[in-house]
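The sequence shown runs contiguously to residue 393 in numbering that gives the first Met the number 0. Structure record follows, encoded as structure tokens.
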Amino acid sequence: MEARVDVAVIGGGAAGLMCARVAGARGLRVLVLEGANRVGKKILMSGGGRCNFTNTGTAPENFLSANPHFCKSALARYTPWQFLELVERHRIAWHEKELGQLFCDESSKLIVRMLLDECARAGVRIETQCGIERVEVQDDGAFAIDGRFGRVVAGKLVVASGGLSIPSMGASGFGHALARQFGHALQPTRAGLVPLTLSGRHLERLGDLSGVALPVAATCNGQTFRNAMLLTHRGVSGPAILQISSYWQPGDPLQLDLLPGRDALALLQRWQRERPAAELRTLLGEVMPKRFAQRLCEHWLASRPMRRYLPAELQAMAATLREWPLVASGTEGYRTAEVTLGGVDTGEVSSSSFESRRVPGLYFVGEVLDVTGWLGGYNFQWAWASAHAAGEAL
Ligand code: FDA
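Below you can see the structure in the form of structure tokens.
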């Protein structure tokens, strides 16, 4: 292949396809170079196969970045309602789960199909299995992209190659390496929205409870998420843990409120008054999974009939139930992480056009940038919004 185009987009994921569609619709000749054997693999596997494609509550506060202001402009200019309008125009049935999360009724495939239809209508050309070997800026400012496919020369280049999560799905550090090649700084990367692992006696105490789930409020570094926790054979997962994992780093204290929304001390005092002969573990087993309550009483709280606790002991137990210390040893890493924290530093990228301030004509969109959303459709909304902004500015 020997091609000359206005815009080459590296990566045919959520951001790449959205950007290509918007730029193509403006009359630009756009070529998407996808490394994997098909586009949109992460969209396909997202949301348990139903793609949680946006969140109606999307706000800048739902994102982590070294520069929390960077995401504001794009999010304001392309809202969840605009993406929803696109979804509805393609007659894709959807539903809202809890907390503003919108999912397809049927399948994530419909979102990929929608993006492909939009790209086709906009005249976008898409090539898969493009192993890119080299990208250089020519004397005329255009980008020469070489690979097994031959040479593509593009007036502008959009890097939409995503983060490092799930390498088996095509994730690569390509975008980060390219940014570095062009002199861009990177914020350190690590796995986000990822299960936490336990080790040593912590794993011994909890590992065999794999499959047990309970509501918690997980707190770390000033952030709290109230949702379910799931015990796994390696540690802990579930939405509350995935969310807080993005705020946790090895060594950071992590506390769980095991009775979220309830006043633990008032509950213990009530039990002491109303059911003085009942054992703590029995009563706890009425408000949380029995096996978990049992384990708590074996290792963290001494179970006795309620009448035998002193007021100070009730207070100490309430504190443990409110701020149960979870000692995680690490995360499951990129193998299972939904996102990559860190990435291309936003300091040298325009927050309105997404163009590099170092290299004219070079753009970064989506997860390759140092902007990471919470669990719940925020990451796709970032992909759509950043890509839409770039697509209009190209
Ligand atoms: P994305 O990863 O989508 O696309 C990058 C593309 O670039 C890929 O197609 C990749 O193959 C390609 N590529 C990589 N290297 C390349 C190279 N060298 N050359 C050419 N192409 C290259 N978010 C959300 O909001 N709701 C959800 O329900 C979920 N669910 C979910 C489940 C799972 C299992 C995962 C792993 C992730 C999610 N996410 C999510 C996160 C969401 O998938 C993610 O944030 C977006 O896909 C990011 O969009 P991008 O386009 O930036 O990267």
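We treat Cβ as the ideally placed atom computed from N, Cα and C, and that holds for glycine. Just so we're clear, the structure is a prediction, and the values are computed from it rather than from any experiment.
In chain order, Y333 place their CB closer than 7 angstroms to the CB of P166, counting only its own chain and leaving out the 5 sequence neighbours on each side.
DSSP places P310 in the helix class (H, G or I) of the three-state scheme. Excluding the 5 residues flanking it on each side, E132 has same chain C-beta neighbours closer than 8 angstroms at D145, G146, R147, in chain order. Judged by beta-carbon spacing, V157 lies within the 8 angstroms limit of V6, meaning their Cβ atoms are closer than that value. With 16 or more other Cβ atoms from the protein chains shown falling within 10 Å of its own Cβ, D369 counts as buried.
Rounded to whole angstroms, the gap between the alpha carbons of A389 and V38 is 20 angstroms. Take E322, set aside five residues on each side of it, and the residues of its chain with a beta-carbon closer than 6 angstroms to its own are Q254, in chain order. Fewer than three beta-carbon pairs drawn from the segment 173-189 and the segment 309-328 are found closer than 8 angstroms, and the two stretches are therefore not classed as touching.
Using a Cβ distance threshold of 8 angstroms, L320 and L257 count as a contacting pair. Remark: the shortest separation between the CB of Y377 and any heavy atom of the ligand FDA falls under 7 angstroms.
Taking C219 as reference, the option from Q242, R356, E105 with the minimal CA-CA separation is Q242. Between E33 and the set K155, I9, L85, A143, the nearest pair of CA atoms involves I9.
In this structure, E366 lies near T339, with their beta-carbon atoms less than 8 angstroms apart.
The DSSP assignment places complete alpha helix (DSSP H) segments of no fewer than 4 residues inside the segment 0-30 at 13-24, in order along the chain. At a Cβ-Cβ threshold of 8 angstroms, Q271 and R303 do not count as neighbours. Residue P324 holds the alpha-carbon nearest to the alpha-carbon of L197 among W80, M113, Q137, P324.
In chain order, T127, Q128 place their CB closer than 6 angstroms to the CB of N36, counting only its own chain and leaving out the 5 sequence neighbours on each side. K155 sits buried, since 16 or more C-beta atoms from the chains shown fall within 10 Å of its C-beta.
Around the beta carbon of E105, fewer than 16 other beta carbons sit within 10 angstroms, so the residue counts as exposed.
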